[in-house]
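Chains E and G are the protein sequences, given in the same order. Residues in the first sequence are numbered from 30 upward in steps of one, following this note's numbering. Residues in the second sequence are numbered from 18 upward in steps of one, following this note's numbering. For glycine and all other residues, C-beta sits at the position ideal for the given N, C-alpha and C. Here the structure is a predicted model, which means the values were calculated and not measured. Here the structure is laid out as structure tokens; the discussion comes afterwards.
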Amino acid sequence: MSLLAPDTRRPATGTPMVRAESVHKSFGHVEVLKGIDLEVANGEVLCLLGASGSGKSTFLRCINHLERIDSGRLYVDGRLIGYREHGDKLYEMREREVAAQRREIGMVFQRFNLFPHMTALENVMEAPIRVRRETKAAARDRATRLLDRVGLGDRAGNYPAQLSGGQQQRVAIARALAMEPKLMLFDEPTSALDPELVGEVLGVMGDLAAEGMTMVVVTHEIGFAREVSDTVVFMDGGVIVESGAPGRVIDAPEHDRTRAFLSKVL
Amino acid sequence: MSTPVTDRVRSEAVGGAPIRAIPVRHYGQWVCAAVAVTLAGLLFWSIGTNPAIQWPVVGEYLFNENILSGALVTLQLTVLAMLIGVVGGVVLAVMRLSSNPVLSALSAAYLWVFRGTPVLVQIVLWFNLALIFPRLGFGPVSADTNELISAFGAALLALALNEAAYMAEIVRGGILSVDSGQNEASQALGLTRAQAMRRIILPQAMRVIVPPTGNEVITMLKTTALVAVIGAKDLFTEAQYFGQNNFTTFEMLLVASFWYLVLTSALAVLQSRLERRFARGVGPGSAPRDGVARRLLGGVASRRSTIRTPEGTPA
């Protein structure tokens with residue numbers, strides 16, 4: 030059984046799914062991102078590793094414009110995020126245009142952020158109905174299928190408060206997938222979970238990767254990064270220290286900072 | 018010390034039998050209750066047997082037609098003013114939190130004016146609007162202000178517009194109480210800010226908004242008494258009218274108080290039902306606390322009963 034609709038699985042093309050060019054971002058006087066250059070190919074799974082405060086979550090939030098960048102360029106599927114470029118001028122996008130871009134980018138949060146006043150099924154149905162103007166019946170159909178596939182078909186009627194953390198996070202993944210995104214962003218999806226619940230969420234993410242979803246994952250799960258990702262990027266102090274295949278970055282890091290970080294988390 | 022007892026207790030505990038314990042005795046509660054009941058009795062007795070109060074008059078006017086219609090006007094004013102106030106409050110709160118600086122400033126200015134002046138002054142001001150605008154309207158379409166704004170209309174305008182300012186702060190507090198992650202999740206899914214507000218944020222804010230709004234309703238019901246200054250024919254207007262004409266001021270005040278109490282009690286019941294309705298999806302919820310009588314007498318009754326456990330654990 031596939032988690033993805035057939036049309037979201039596409040062959041690798043020339044255009045990278047994500048392209049960051051010299052991305053800078055400051056909060057007040059603190060520069061959090063000091064020039065990030067990065068490409069994520071279609072169908073690639075990229076894991077961002079690094080200590081807290083290294084800027085990896087901020088970078089992830091820039092990709093769907095939850096944070097606006099101060100300089101540089103960020104493209105998703107070849108389109109500039111948050112701005113329109115005419116000649117040498119940048120025009121800020123209207124709220125509706127930003128919302129339209131975000132539809133194609135799914136995001137999963139550390140603290141799930143499920144809508145507590147809606148059942149699991151309603152959580153998954155909400156965006157397709159409001160944003161894609163789907164009929165209730167069609168949205169319910171897809172939501173039921175997606176919940177089945179993350180192993181929660183029997184929990185459709187439960188409110189988030191009645192679900193475990195792992196179950197909530199799986200509903201959150203189903204909710205993001207309901208919009209049939211081209212790209213999925215995961216912001217430390219297992220950091221708020223009890224250790225015994227981490228596996229079920231990583232399992233769903235592994236399935237998703239195996240089906241060809243393009244994913245950018247901020248995580249501390251080194252095992253997951255090694256097994257599932259195509260590329261591992263290690264960030265520190267707002268810059269990319271090194272990146273490459275997991276076998277190289279995790280098992281034979283070149284930089285002292287990477288080695289120091291890995292020795293603490295492994 | 019007899020061993021058989023100890024053995025029985027132990028075996029029961031091992032067998033998982035419910036705990037049978039004698040609750041702690043609170044003798045202080047009984048003393049307080051006795052003192053309170055005595056004092057209340059003395060008070061009622063001194064009022065009830067007071068020769069200055071003509072109780073038959075109280076009974077006669079309790080269901081007087083004008084008094085009842087006054088109570089109805091009071092209720093109408095309360096309900097209408099609150100409806101307008103709540104809708105206005107939501108609009109003002111959303112304006113205040115909007116990223117649009119013009120809307121935000123307009124909302125702030127509205128609050129500054131309507132919270133900064135006494136509602137009694139506002140009532141009289143609307144009633145006397147004809148003094149500065151004898152006719153109201155646009156261009157050729159206009160009407161006599163005094164015909165357009167009756168005493169009831171002036172009362173309603175003043176109460177509703179004033180209430181909107183207070184409700185705006187309550188709604189704003191409710192909106193701000195919702196976790197910012199909810200907004201982020203909505204945006205990440207592609208919902209617009211308006212959609213997120215309507216579908217995600219406001220429904221969750223309701224849990225925080227409803228309890229103080231219930232208080233506002235009850236406060237509003239009592240505040241309507243102020244409109245007696247412009248003779249808006251509410252409960253207090255009618256009660257005062259009879260009181261002054263028949264030299265039964267105190268009796269009529271008792272009649273009015275009776276109906277105010279009846280109405281506020283009814284509203285309080287409604288409020289607690291609404292609160293339960295909006296607690297949906299917020300987990301198991303705490304078990305309701307027992308009433309006074311139950312808590313006082315519960316100790317006696319539970320001598321033979323088992324310790325009760327809170328019900329409604331999550332599925």
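Could you have a look at D161/G and say whether DSSP puts it in helix, strand or coil?
strand
Hey, how far is the Cα of R132/G from the Cα of A182/G?
6 Å
Grab me the residues of L181/E's own chain with a C-beta within less than 7 Å of its C-beta, minus the 5 sequence neighbours each way, in chain order.
A149, Q196, R199 and V200
Given that A156/E touches chain G, what residues does it touch there, using C-beta distances under 7 Å?
A156/E reaches chain G at L206, G207 and L208, counting residues in chain order whose Cβ is nearer than 7 Å.
Please decide whether G191/G counts as near chain B, where near means a Cβ-Cβ distance under 8 Å.
No chain B is part of this structure, whose protein chains are labelled E and G.
According to DSSP, simplified to helix, strand and coil, what is V179/E?
coil
By the 7 Å beta-carbon criterion, what residues does the stretch 215-248 of chain G contribute toward chain E?
R216, I217, P220 and Q221
Starting from K85/E and walking both ways along the alpha helix (DSSP H), at which residues does that stretch end?
K85 to I92 is the extent of the alpha helix (DSSP H) around K85/E.
With H, G and I counted as helix, E and B as strand and the rest as coil, what does DSSP make of I65/E?
strand
With distances taken between CB atoms, is the gap from C76/E to T248/E smaller than 8 Å?
yes
Ends of the beta strand (DSSP E) at E28/E?
The question about residue 28/E has no answer here: the residues shown for chain E are numbered 30 through 295.
Report the rounded CA-to-CA distance for A158/G versus Q139/G, giving the unit in angstroms.
According to the sequence provided, residue 158/G is Val. The question's Ala does not apply to it. Cα to Cα, the separation comes out at about 26 Å.
V234/G to F253/G, Cα distance in whole Å?
17 Å
Whole alpha helix (DSSP H) runs in the stretch 119-168 of chain G with 4 or more residues, listed along the chain?
136-144 and 162-165
Just to confirm before moving on: does the CB-CB distance between A172/E and V160/E stay below 8 Å?
Contact: no.
Run through chain G and tell me which residues come within less than 8 Å of R131/E, C-beta to C-beta.
By Cβ distance, chain G contributes Q204, A205, L206 and G207.
Is there a Cβ of chain G sitting closer than 8 Å to that of R159/E, yes or no?
yes
If you count every other CB in all the chains shown that lies within 10 Å of the CB of L119/E, and 16 or more means buried, which is it?
exposed
DSSP three-state label for Y188/E, please.
Secondary structure of Y188/E (DSSP, three-state): coil.
Which first and last residues belong to the alpha helix (DSSP H) in which F253/G is found?
L252 to N263
Chain E beta carbons: is any one of them nearer than 8 Å to that of E292/G?
no
Under a Cβ-count criterion, where at least 16 other Cβ atoms within 10 Å of its own Cβ denotes burial, should T91/G be classed as buried or exposed?
A buried status is given to T91/G, since no fewer than 16 other beta-carbon atoms sit within 10 Å of its beta-carbon.
Tell me which same chain residues have a C-beta within less than 6 Å of the C-beta of V233/E, skipping the five on either side of it?
V179, R199 and I202
Note down the Cα distance separating V111/G from G207/G, rounded to an integer number of angstroms.
20 Å
Could you pull the start and end residues of the alpha helix (DSSP H) that E292/G belongs to?
T266 to F295
Could you tell me which of H58/E, L89/E and E283/E sits nearest to A274/E, measuring between CA atoms?
E283/E
Please state if the CB of F263/E and the CB of L78/E are separated by a distance shorter than 8 Å.
Contact check for L78/E against F263/E passes: the beta carbons are separated by less than 8 Å.
Please list the terminal residues of the continuous beta strand (DSSP E) segment that includes V52/E.
V47 to F56
According to DSSP, is R171/E helix, strand or coil?
In this structure, DSSP gives R171/E a helical state, which the three-state scheme calls helix.
Assuming T209/G and E124/E are in contact, meaning their beta carbons sit under 8 Å apart, how far apart are those beta carbons, in whole angstroms?
6 Å
E255/G and I84/G - do their beta-carbons sit closer together than 8 Å?
yes
Please classify R189/G: is it buried, with 16 or more other beta-carbons within 10 angstroms of its beta-carbon, or exposed?
buried
Who does E118/E pair with in a DSSP beta bridge?
The sequence shown places Lys at residue 118/E, not Glu. DSSP output for K118/E lists H115/E as bridge partner(s).
First and last residue of the alpha helix (DSSP H) that includes S258/E?
Unbroken run through S258/E: none, as it is neither H nor E.
Check whether the stretch 92-106 of chain G touches the stretch 237-250 of chain G, counting contact only when three or more Cβ pairs, one atom from each stretch, lie closer than 8 Å.
yes
Suppose the cutoff is 7 Å on Cβ atoms and the five residues either side in sequence are ignored; what does the same chain contact list for S292/E look like?
none
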